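Chemist: Dumping the structure here so I can ask a few things about it.
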Amino acid sequence: MKVHDTKKIYKLDLIAVKIRKHIIEMLYKSKSGHPGGSLSAVDALVALYFVHMKHNPKKPCEPNRDRFILSKGHAAPALYAVLAECGYFNVKELTKLRTMNSMLQGHPVCTYVPGVEASTGSLGHGLSFANGVAIAGKLDNKEYNVYAMLGDGETGEGQIWEAAAVASHYKLDNLTALIDRNFLQIDGNTEDVLRLESVRDRWNAFGWNVIEINGHDIKQILDSLNKANAHKRQPSIIILNTTKGKGVSFMENNVDFHGVPPNEMERNLAIEELNLAQKKLEALL
Amino acid sequence: MSNKIMVNPRNAYGEALIELGKKYKNLVVLDADLSKSTKTIMFAKKYPKRFLEMGIAEANMITAAAGLASCGKIPFVSTFAVFATGRVYDQIRMDIAYSKANVKIFATHGGISVGKDGVSHQMIEDIALMRVLPNMTVIAPSDAIQTGKIVHLMAEKNGPMYARVGRANAPLIYGKNDLNDIELGKGMTVETGSDISIIAYGTMVEPALEARKILSKENIKARVIDMHTIKPLDEKLVLKCAKETNAIITAEEHSVIGGLGAAVAEILAEKNISTKFLRMGIKDIFCESGEPVDLLEKYELNTKHMVKNAKKLLKN
Ligand SMILES: Cc1ncc(C[n+]2csc(CCOP(=O)(O)OP(=O)(O)O)c2C)c(N)n1
Ligand SMILES: [Mg+2]
Chain A
0 MKVHDTKKIY KLDLIAVKIR KHIIEMLYKS KSGHPGGSLS AVDALVALYF
50 VHMKHNPKKP CEPNRDRFIL SKGHAAPALY AVLAECGYFN VKELTKLRTM
100 NSMLQGHPVC TYVPGVEAST GSLGHGLSFA NGVAIAGKLD NKEYNVYAML
150 GDGETGEGQI WEAAAVASHY KLDNLTALID RNFLQIDGNT EDVLRLESVR
200 DRWNAFGWNV IEINGHDIKQ ILDSLNKANA HKRQPSIIIL NTTKGKGVSF
250 MENNVDFHGV PPNEMERNLA IEELNLAQKK LEALL
Chain B
0 MSNKIMVNPR NAYGEALIEL GKKYKNLVVL DADLSKSTKT IMFAKKYPKR
50 FLEMGIAEAN MITAAAGLAS CGKIPFVSTF AVFATGRVYD QIRMDIAYSK
100 ANVKIFATHG GISVGKDGVS HQMIEDIALM RVLPNMTVIA PSDAIQTGKI
150 VHLMAEKNGP MYARVGRANA PLIYGKNDLN DIELGKGMTV ETGSDISIIA
200 YGTMVEPALE ARKILSKENI KARVIDMHTI KPLDEKLVLK CAKETNAIIT
250 AEEHSVIGGL GAAVAEILAE KNISTKFLRM GIKDIFCESG EPVDLLEKYE
300 LNTKHMVKNA KKLLKN
């Protein structure tokens, strides 16, 4: 699908703002969870779920659907908010994040939430799971594509590189990984904790088609997803250059907001900023 | 309850590491992007050269620790219990347990009281996984004071060891001088009693002490054992409890399969001892996200349920 109409992009940006507001409210209410990595993943999720992926919220188990796997499971609030806004379940459920008897667990559980493909939260599993889904697609001659979102810190896990080797060996061109390159993990900057650069060269060396873009520019994200799908005989990875905490000034690039929710004042400030962003976008429409 | 002094055992770990870093120049500390949570950051600040940030790559961290130990280092390795055991089981089995490597795995965030992060982060199988490994010592301290003491003992004694604490602040049970003769492999009788023995470790010791108070009002005398070392298990003490009291309850923030309850049951069965017996623990299910207190209530691991179980068991 081609979406190059600027107004259409503004509308998607508006959805992204709405998702960010959900994230802030959910984390504030549950008094726990991960704002930074949830906020940085939003724009890619919006591009995937609101435009690019072939999926039907009313039929979450439809065999020909495209699949998305959130390997960095701690960004669950972003995924939940997107799934709810798509219509997989009632938006009201979002207020129950991380509470007893809720299907919205701290980290995604595939047996509880319609639309969640894999149970994640232990980092490093998602790309292997996506390999399995992609191989099954090839075996069954299905047309679907598989997408997996990885944290950059998460790619420290050896299992990611086992999966990288397998995907390239089996020429899984129905698989696209997206790496949320926000340069932060918990103990600090990724390059100080455990150097990742050159991310591009590493994935290239493993036999992947590498695309690098601004991970908050929905037009760029959509274009690169199309390019990734069109690329044959190699899996593709989109390096999403992102800002951890994107959209809330005091959370941006602030490692302290990896796993600490906003307090009341911070929540008010954040919502105020996001409302402003919303107004600006609405004025453009 | 309210006027108890709460101290986080994780902080006690961090403080002990600093003391040990001074004492043992060959002590090194490894972490996997969780140093702020495990409190190894305290050591990192004091001894930056001997702190090894290994990134989010736990399997590599475990085996690298074994390599360090083979060169005479004393590695303390830390991450959350779920990533420190299940995630890296084969690495521990081959490179630490089988090889008798002098590696100390100190895990935090054990049990369901981790809370809202949910099942992916609530480790309830670690004691079982580590207990089944030959050569492995398995420990779970109950408060900050005991944690500090035990971390010292771990450094002093050669051999593979696994210790776990919870995430939450924990009420102090012991005074500074209460633990002068603490030994690994020797359970502690915290309170005496002749009707029933509650054998617990870690986060379940304090609720057991509270249960004892409530039971005493109903004239039931409960003995409370702090079984900080689950392996090697203090068999003598278990047998003594079976002999001197009419019933035994084990309590742990862990699956009822494979942990302390199982270990005690194995001894009782093999020694042909018939006694009233109940394992309190997670009943072979995955739990969920929630406030720790609510989880412990729903999954029946608190003082209230200990009291209920004790009365029921004695009545039968
Ligand atoms: C196997 C495993 N080890 C450690 C953790 C704890 N943890 C949760 S998030 C995180 C940091 C993730 O950083 P990154 O992948 O860069 O994610 P983002 O910056 O997008 O939040 C860590 C270490 C985990 N969930 N799983
Ligand atoms: Mg990151």
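Residue numbers (numbering that gives the first Met the number 0), protein chains in the order written: chain A, 0 to 284; chain B, 0 to 315.
The beta carbon of each residue, even a glycine, is placed where N, CA and C say it ideally should be.
These numbers come from a predicted model, not from an experiment.
I'd like the list of long-range same chain contacts for LEU149 of chain A, defined as Cβ closer than 8 Å, with 5 residues on each side in sequence excluded.
Modeler: Within the first sequence, residue 149 of chain A is the residue found at index 150, counting from 1. Cβ neighbours of LEU149 of chain A beyond the five flanking positions: SER70, LYS71, GLY125, LEU126, ILE159, ALA176, LEU177, ILE178 and ASP179.
Chemist: Under a Cβ-count criterion, where at least 16 other Cβ atoms within 10 Å of its own Cβ denotes burial, should GLY71 of chain B be classed as buried or exposed?
Modeler: Start at 1 with the first residue of the second sequence, and residue 71 of chain B comes out as number 72. Counting Cβ neighbours within 10 Å, GLY71 of chain B comes out exposed, since fewer than 16 surround it.
Chemist: Measure the beta-carbon distance from GLN184 of chain A to ILE144 of chain B and round it to whole angstroms, keeping in mind my assumption that it falls under 8 Å.
Modeler: Indexing the first sequence from 1 puts residue 184 of chain A at position 185. Indexing the second sequence from 1 puts residue 144 of chain B at position 145. Contact between GLN184 of chain A and ILE144 of chain B fails: their C-beta atoms lie close to 33 Å from each other, not under 8 Å.
Chemist: Anything in the stretch 32-47 of chain B with a Cβ closer than 7 Å to a Cβ of chain A? List those residues in chain order, please.
Modeler: Those residues of the stretch 32-47 of chain B that come within reach of chain A (Cβ to Cβ, closer than 7 Å) are ASP32, LEU33, SER34 and LYS35.
Chemist: Give the single residue among B:ALA68, B:SER288, B:GLY280 and B:ALA31 whose Cα lies nearest to the Cα of GLU153 of chain A.
Modeler: Residue mapping note: residue 153 of chain A aligns to position 154 of the first sequence, counting from 1. The residue with the shortest Cα to Cα distance from GLU153 of chain A is B:ALA31.
Chemist: Taking 8 Å as the cut-off, decide whether the C-beta atoms of ILE198 of chain B and ILE219 of chain B are in contact.
Modeler: Translated into the one-based positions of the second sequence, residue 198 of chain B becomes position 199. Translated into the one-based positions of the second sequence, residue 219 of chain B becomes position 220. No, these two residues do not count as a Cβ contact at 8 Å.
Chemist: With 16 as the cutoff for other CB atoms within 10 Å, does ALA66 of chain B come out buried or exposed?
Modeler: Residue 66 of chain B sits at position 67 when you count from the first residue of the second sequence. The sequence shown places Gly at residue 66 of chain B, not Ala. Exposed is the call here.
Chemist: Whole-angstrom Cβ separation of LEU128 of chain B and THR84 of chain B, contact assumed at under 8 Å?
Modeler: As a first step, residue 128 of chain B must be located in the second sequence, where it is residue number 129. As a first step, residue 84 of chain B must be located in the second sequence, where it is residue number 85. LEU128 of chain B to THR84 of chain B, Cβ: 5 Å. Contact.
Chemist: Ignore the nearest five residues each way along the sequence and tell me which others in VAL263 of chain B's own chain have a CB closer than 7 Å to its CB.
Modeler: In the second sequence, the residue the question calls residue 263 of chain B occupies position 264. So the list reads ILE198, VAL237, ILE247 and THR249, once near-sequence residues are dropped.
Chemist: Report the residues of the stretch 296-311 of chain B with a CB closer than 9 Å to any CB of chain A, ordered along the chain.
Modeler: LYS297
Chemist: Indicate, with yes or no, if ligand 2 has a heavy atom lying under 7 Å from the CB of LEU268 of chain A.
Modeler: In the first sequence, counting from the first residue as 1, residue 268 of chain A sits at position 269. No, Cβ of LEU268 of chain A sits at least 7 Å from all heavy atoms of ligand 2.
Chemist: Residues of the stretch 48-59 of chain B in Cβ contact with chain A at a cutoff of 9 Å, in chain order, please.
Modeler: GLU52, MET53, GLY54, ILE55, ALA56, GLU57, ALA58 and ASN59
Chemist: Does the beta-carbon distance from GLU271 of chain A to ILE238 of chain A come in below 8 Å?
Modeler: Counted from its first residue, the first sequence places residue 271 of chain A at position 272. Counted from its first residue, the first sequence places residue 238 of chain A at position 239. Taking 8 Å as the Cβ cut-off, GLU271 of chain A and ILE238 of chain A do not qualify as a contacting pair.
Chemist: If you reduce the DSSP assignment to three classes, tell me which class HIS151 of chain B lands in.
Modeler: Position 152 of the second sequence, counted from the start, is the residue given in the question as residue 151 of chain B. In this structure, HIS151 of chain B counts as helix in the three-state DSSP scheme.
Chemist: Figure out for me which residue from B:PHE75, B:ILE40, B:ASN2 and B:GLU251 has the closest Cα to the Cα of TYR23 of chain B.
Modeler: For the purposes of this step, residue 23 of chain B is identified with residue 24 of the second sequence, where counting begins at 1. The candidate whose alpha carbon is nearest that of TYR23 of chain B is B:PHE75.
Chemist: Let me check understanding here. Comparing Cα to Cα, which of B:PRO133, B:LYS175, B:MET203 and B:ILE91 lies closest to VAL306 of chain B?
Modeler: Here residue 306 of chain B refers to the residue found at position 307 when the second sequence is read from its first residue. Ranking the options by Cα distance to VAL306 of chain B, first place goes to B:MET203.
Chemist: Interface residues of chain B around LEU275 of chain A at Cβ under 9 Å?
Modeler: In the first sequence, the residue the question calls residue 275 of chain A occupies position 276. Simply none; closest approach about 30 Å.
Chemist: To test your reading of the DSSP string, which unbroken alpha helix (DSSP H) runs of 4 or more residues are found completely within the stretch 134-175 of chain A?
Modeler: 157-168
Chemist: List the residues that DSSP assigns as beta-bridge partners of PRO170 of chain B.
Modeler: As a position in the second sequence, residue 170 of chain B is number 171, starting the count at 1. Beta-bridge pairing links PRO170 of chain B to B:MET5.
Chemist: Would you decide whether LEU33 of chain B is buried or exposed? Buried here means 16 or more other CB atoms lie within 10 Å of its CB.
Modeler: Walking along the second sequence from the start, residue 33 of chain B turns up at place 34. Under this definition LEU33 of chain B is a buried residue.
Chemist: For ligand 2, is there any heavy atom lying closer than 7 Å to the beta carbon of LYS245 of chain A?
Modeler: Counted from its first residue, the first sequence places residue 245 of chain A at position 246. Not under cutoff, so the answer is no.
Chemist: Just how far apart, CA to CA, sit ASN245 of chain B and SER196 of chain B?
Modeler: Here residue 245 of chain B is taken as the residue at index 246 of the second sequence, counted from 1. Here residue 196 of chain B is taken as the residue at index 197 of the second sequence, counted from 1. Taking the straight line joining both Cα atoms gives about 8 Å.
Chemist: Quick check: is any heavy atom of ligand 1 less than 7 Å from the C-beta of PHE128 of chain A?
Modeler: Stepping through the first sequence from its first residue, residue 128 of chain A is reached at position 129. It does not: the Cβ of PHE128 of chain A is nowhere closer than 7 Å to a heavy atom of ligand 1.
Chemist: Within the same chain, show all residues whose beta-carbon is closer than 6 Å to that of PHE276 of chain B, passing over the 5 residues directly before and after it, in chain order.
Modeler: What you label residue 276 of chain B is simply residue 277 of the second sequence in a count that begins at 1. Answer for PHE276 of chain B: ILE247, listed in chain order.
Chemist: With DSSP collapsed to three states, give me the class of THR5 of chain A.
Modeler: As a first step, residue 5 of chain A is located in the first sequence; it is residue number 6 there, counting from the start. Reduced to three states, the DSSP call for THR5 of chain A is helix.
Chemist: Go ahead and pull the three-state DSSP assignment for GLU209 of chain B.
Modeler: Start at 1 with the first residue of the second sequence, and residue 209 of chain B comes out as number 210. Helix.
Chemist: Quick check: the stretch 268-275 of chain B against the stretch 288-295 of chain B, are there 3 or more CB pairs under 8 Å?
Modeler: no
Chemist: Suppose you measure from the CA of LEU275 of chain A to the CA of LYS20 of chain A; what does that come to, to the nearest Å?
Modeler: Along the first sequence, one-based indexing puts residue 275 of chain A at 276. Along the first sequence, one-based indexing puts residue 20 of chain A at 21. About 12 Å.
Chemist: Cβ-heavy atom distance between ILE237 of chain A and ligand 3 below 7 Å?
Modeler: With respect to ligand 3, the structure offers nothing, as its ligand set consists of ligand 1 and ligand 2.
Chemist: Can you list the residues of chain B that GLY157 of chain A reaches, using a CB-CB cut of under 7 Å?
Modeler: Here residue 157 of chain A refers to the residue found at position 158 when the first sequence is read from its first residue. What GLY157 of chain A touches in chain B: ALA56, ALA58 and ASN59.
Chemist: Thinking GLY35 of chain A and HIS257 of chain A are a contact (beta carbons under 8 Å), I'd like their distance in whole angstroms, please.
Modeler: Counting from 1 along the first sequence, the entry for residue 35 of chain A is found at position 36. Counting from 1 along the first sequence, the entry for residue 257 of chain A is found at position 258. Right, the Cβ-Cβ distance comes to about 5 Å (below 8 Å), so this counts as a contact.
Chemist: Could you check whether PRO159 of chain B and LYS230 of chain B sit closer than 8 Å to each other, using their CB atoms as the reference points?
Modeler: For the purposes of this step, residue 230 of chain B is taken as the residue at position 231 of the second sequence. For the purposes of this step, residue 159 of chain B is taken as the residue at position 160 of the second sequence. The answer is no: Cβ separation not under 8 Å.
Chemist: Ordered along the chain, which non-local residues of its own chain (more than five positions away) have a Cβ less than 6 Å from that of ASN130 of chain A?
Modeler: Counting from one through the first sequence, the residue named residue 130 of chain A turns up at place 131. For ASN130 of chain A, where only same-chain residues beyond five positions count, the Cβ hits under 6 Å are ALA162, VAL165 and ALA166.
Chemist: Taking THR346 of chain B as part of the beta strand (DSSP E), name the residues at either end of that continuous run.
Modeler: An answer regarding residue 346 of chain B cannot be provided, because it is not within the stretch 0 to 315 covered by chain B.
Chemist: Is it the case that the CB of ASN181 of chain A approaches a heavy atom of ligand 1 more closely than 7 Å?
Modeler: Walking along the first sequence from the start, residue 181 of chain A turns up at place 182. For ligand 1, at least one heavy atom lies less than 7 Å from the Cβ of ASN181 of chain A.
Chemist: Which residue from B:VAL102, B:SER193 and B:LYS303 puts its Cα closest to that of GLU155 of chain B?
Modeler: Counted from its first residue, the second sequence places residue 155 of chain B at position 156. Among B:VAL102, B:SER193 and B:LYS303, the Cα nearest to that of GLU155 of chain B belongs to B:VAL102.
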